[in-house]
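This report concerns only the one structure given below.
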Amino acid sequence: MEAPNKKAVLISLMIAIGVFATSSMAQVTQQDLVDLHNVVRADVGVGPVTWDDTVAAYAQAYAKDRRGDCKLQHSNSGGKYGENLFRGSPTPAGSTARTCSGAPPAPTRRRPTWWAPGWRRRSGTTT
């Protein structure tokens, strides 16, 4: 039997990794996202959050409204919901394009660098 071609093995491995990564992402639950968010919140000393279907529906509807233009403008909730607006710089990996297309950016577990004037540690917000 002939030894496998290294290039063919590499391509097969890349395809397998791609399939695994795609299927793994499809299995992320709402609770997985909340848990990850709470890990980062705990790192900066603020309390946990829980999933709220009403807030999620409002956010989804607003994201759908902004999908066409990706404008950074607050919704018209009248202060009912806290809103964090995000703007990124394009990178070779295209993280801004992925964010605007609906795919979440990869989470990180590093200390935030936004301890700027106006940061309120207790609520985890800036003004």
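The sequence shown lines up with residues -21 to -1, 1 to 106 when you count with mature numbering (1 follows the signal peptide of the UniProt record, and there is no 0).
For glycine and all other residues, C-beta sits at the position ideal for the given N, C-alpha and C.
Candidates the options, of which the one nearest residue i by Cα
i	options	result
G26	G58, D14, A35, D48	D14
N17	V28, A36, H53, G58	V28
D32	Q9, G57, K59	Q9
G57	Y37, D44, R46	Y37
L51	N63, V34, G24	N63
S54	A42, G24, V7	A42
Check: residue i C-beta below 7 Å from any heavy atom of the ligand ADP
i	result
A35	The ligand ADP is not part of the structure shown, which contains no ligands of any sort.
Cβ-based burial, residue i [other Cβ within 10 Å; buried from 16]
i	result
W30	exposed
A82	For A82, the pLDDT reaches just 49, beneath the cut-off of 50, and the residue's location in the model is therefore unreliable, leaving the point undetermined.
Contact belief for residue i with residue j at Cβ below 8 Å, rounded distance in angstroms
i	j	result
V19	Y60	Going by Cβ atoms, the distance from V19 to Y60 rounds to 20 Å, so no, they are not a contact pair.
Original post:
What are the complete alpha helix (DSSP H) segments, minimum 4 residues, inside the segment 11 to 60?
Top reply: Within the segment 11 to 60, the complete alpha helix (DSSP H) runs of at least 4 residues fall at 32 to 45.
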